[in-house]
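There are 2 protein chains.
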Amino acid sequence: MDKRLQTFISEKAPIIDAELNHLIEFEKAPSSLKESMLYSVNAGGKRIRPLLVLAVLDDFDTKSDDALKVACAVELIHTYSLIHDDLPCMDDDDFRRGKPTNHRVYGEATAVLAGDALQTRAFGILASLEQTRPEQIIRLVALLADASGANGMVGGQILDMEGETATLSLPELEEVHMHKTGALLSFCIEAGAILSDAQEEELSQLRKYAKNIGLAFQIKDDILDVTSTTEQLGKTANSDTASEKSTYPSLLGLEGAQQQLEKYHREAVECLAFLKKENSMLKLFADYIVQRNA
Amino acid sequence: MDKRLQTFISEKAPIIDAELNHLIEFEKAPSSLKESMLYSVNAGGKRIRPLLVLAVLDDFDTKSDDALKVACAVELIHTYSLIHDDLPCMDDDDFRRGKPTNHRVYGEATAVLAGDALQTRAFGILASLEQTRPEQIIRLVALLADASGANGMVGGQILDMEGETATLSLPELEEVHMHKTGALLSFCIEAGAILSDAQEEELSQLRKYAKNIGLAFQIKDDILDVTSTTEQLGKTANSDTASEKSTYPSLLGLEGAQQQLEKYHREAVECLAFLKKENSMLKLFADYIVQRNA
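Shown next as structure tokens:
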């Protein structure tokens, strides 16, 4: 990983972790519920979504204490979706990032409710921003709802489930991913841009960047699933092959998937030209997404 | 039921139903998800929460097209909570309002996701209000998050589950209800008051009113569970007795519960004195909550 990105992550990740914990602990709630929420929040994610929010601010050379809260709000949405995805009625996963899944520790009922409450908290956090103009806060709430709801992440999860029993075409597969993971990643980029008071034309470029890294992210996930061991991934490897799910490697072959990954990476980086920076943080993130091993 | 309230409900309920459908149908989403969301939205609720929002505006003689949207947002939160509460891992209910529960029709995975997406939609709707001042919209988002999250409805659901295995004291029972059902009812009243530009002192009285009718509502539910048939209720009667759950009748006896119900009703009505109306709509609602048969 690039040195500058490494420094950025090792500087920001602990701040994100601390704020996430603060935002949940701060809330009044029955202790068992709070414990279950905190368990998944602290289950060791890479914090890619919150880091992306902060990376945009870094590239725009802007500062906003609210950015950290927005970053955490997205991470809570992501965390809630993982808890619900892991449920026995969904993917029925016993482990996530090498640790027992929420429902394995707290039971299904509490896991459902912890997910529910994490989603609610995300919107509550946006409404609590203090340094952001009210119109912008409302825009963030609208965007987060759109990115995470029926036309975004949750809709993508439905498409993904329905796709499991069929061979998807490449456009269908991309439709799944643009909803299931892409929408929330796009929110991160757009939210960072809004907090940086980006121009409309810049926003449009950043939306294209987000779409490209979103798809690149998913291709890399699919490739890693085929080429890594369970130990390396911290989750069951080869799970896609086992379930006969449509993936980039199954549709394009491993080499075709790798080429597609590089294409999206290139197109993502091209969208960053307006920043006029040799190695912008978003460029380094795009590189990392392509090169990561887990 | 009072004639004026009857007219109010028969006038407003169809408008609420139509708007709820519009707000979901309008959204882009996979058709199976949308169908599952609409199924529960149209499963025949009494619409008490949205009606309460509109009743506040009626009592303040204010008009706001946004009020209908806010009313629908609360109903979507309520609907999502019912879908998740009915899941096999929670109350495991096969019927709700005389119809098969969401997961019985669409399967558990889709039911979980439909609930998730309905919650998201509620916040998205608040962010889409067009006639309300931005500061007020943000206040509504914050209030709804507080009322429905870990310190509100979802927290109450956890307390309720934990209470099922123990005999609760009366204060503990009321703590459960004030969270599980009271918080969202309070939101309805407070949201209506905010949209009516109520004064702080009026808000404070209305919060007390909401707390009292919330508890009255629950006592009446408990009493009906003991005294009604399954057919009358549209859900399994005597379910509380069967599960040995703490209820007002089990703690106070049927007569004691009835007295407590009347006390809360009286106190609710007293909070409405500032309206200087003989028969305010909120007064009629308090009467209805006490007198209803289902």
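Residue numbers (numbering that gives the first Met the number 0), protein chains in the order written: chain A, 0 to 293; chain L, 0 to 293.
All C-beta atoms, glycine included, are put in the ideal place defined by N, C-alpha and C.
None of these values were measured; they are calculated from a predicted model.
| query | result |
| --- | --- |
| Counting only Cβ pairs nearer than 8 Å, list the residues of chain L close to M302/A. | A question about residue 302/A goes unanswered here, because the residues of chain A that appear run from 0 up to 293. |
| Report the CB separation of S80/L from G162/L in whole angstroms; it is logged as a contact under 8 Å. | Wrong, their Cβ atoms sit about 17 Å apart, outside the cutoff. |
| With a threshold of 8 Å between beta carbons, is K27/L in contact with chain A? | yes |
| Scan the stretch 73–99 of chain L for residues whose Cβ lies nearer than 7 Å to a Cβ of chain A and list them as they occur along the chain. | H83, L86, C88, M89 |
| Quick check on R95/L: does DSSP put it in helix, strand or coil? | strand |
| Looking at the structure shown, is N211/A part of a helix, part of a strand, or coil, going by DSSP? | helix |
| In chain A, which residues lie less than 8 Å from A182/L when you measure between Cβ atoms? | Simply none; closest approach about 11 Å. |
| Could you round the C-beta distance between L75/L and L117/L to whole angstroms and report it? I think they count as a contact, below 8 Å. | 5 Å |
| Counting contacts by CB-CB distance shorter than 8 Å, is E18/A in contact with chain L? | no |
| Please list, in chain order, the chain L residues whose beta carbon lies closer than 8 Å to that of R120/A. | A144, G148, A149 |
| What are the boundary residues of the alpha helix (DSSP H) that E34/L is part of? | 30–40 |
| Please state whether DSSP places G191/A in a helix, a strand or coil. | helix |
| What residues of chain A sit near P133/L, judged by a beta carbon separation below 7 Å? | P133, E134, I137 |
| List, in chain order, every chain L residue whose beta-carbon is nearer than 7 Å to that of G213/A. | What G213/A touches in chain L: nothing, since even the nearest Cβ is about 18 Å away. |
| If you run the structure through DSSP and keep just helix, strand and coil, what is C88/A? | coil |
| What three-state label does DSSP hand N237/L in the structure shown? | coil |
| At which residues does the alpha helix (DSSP H) containing H102/A begin and terminate? | 101–105 |
| Helix, strand or coil: which one does DSSP assign to E129/A? | coil |
| Given a threshold of 16 other Cβ atoms within 10 Å of its Cβ, counted over all protein chains shown, does R132/A qualify as buried or as exposed? | exposed |
| Over the uninterrupted alpha helix (DSSP H) stretch that includes N44/L, give me the two end residues. | For clarity, residue 44/L is Gly in the given sequence; the question names Asn instead. From DSSP, G44/L is part of no alpha helix (DSSP H); its letter is neither H nor E. |
| Is the number of C-beta pairs between the stretch 217–224 of chain A and the stretch 253–263 of chain A that are closer than 8 Å three or more? | yes |
| If you reduce the DSSP assignment to three classes, tell me which class C270/L lands in. | coil |
| For the alpha helix (DSSP H) that K2/A lies in, which residues bound it at each end? | 2–24 |
| Could you tell me whether any Cβ in chain L is nearer than 8 Å to the Cβ of G43/A? | no |
| So L139/L packs on V55/L, CB below 8 Å; how close in whole Å? | With a Cβ gap of about 13 Å, L139/L and V55/L do not count as contacting. |
| Answer yes or no: does any C-beta atom of chain A fall closer than 8 Å to that of L112/L? | yes |
| What does the alpha-carbon distance come out to for the pair M177/L and L183/L? | 9 Å |
| So does the stretch 185–197 of chain L actually touch the stretch 44–61 of chain L, counting three or more Cβ pairs closer than 8 Å? | yes |
| Counting only Cβ pairs nearer than 7 Å, list the residues of chain L close to E107/A. | C88 |
| Could you confirm whether any beta carbon from chain L is found closer than 8 Å to the beta carbon of G123/A? | yes |
| Between the Cα of S195/L and those of A285/L, T164/L, A149/L, Q135/L, spot the shortest distance and give me the residue it belongs to. | Q135/L |
| Which same chain residues end up closer than 7 Å to M152/L when comparing Cβ atoms and leaving out the 5 residues on each side of it in sequence? | S80, A146, H178, K179, A182, L183 |
| Step through the CB atoms of chain A and report whether any lies within less than 8 Å of the CB of A141/L. | yes |
| For Q156/L, is the classification buried or exposed, using 16 other Cβ atoms within 10 angstroms of its Cβ as the cut-off for buried? | buried |
| Tell me the DSSP secondary structure of K262/L in three-state form. | helix |
| Compare the Cα-Cα distances from N211/L to each of E277/L, N278/L, K282/L, S30/L and report the closest residue. | K282/L |
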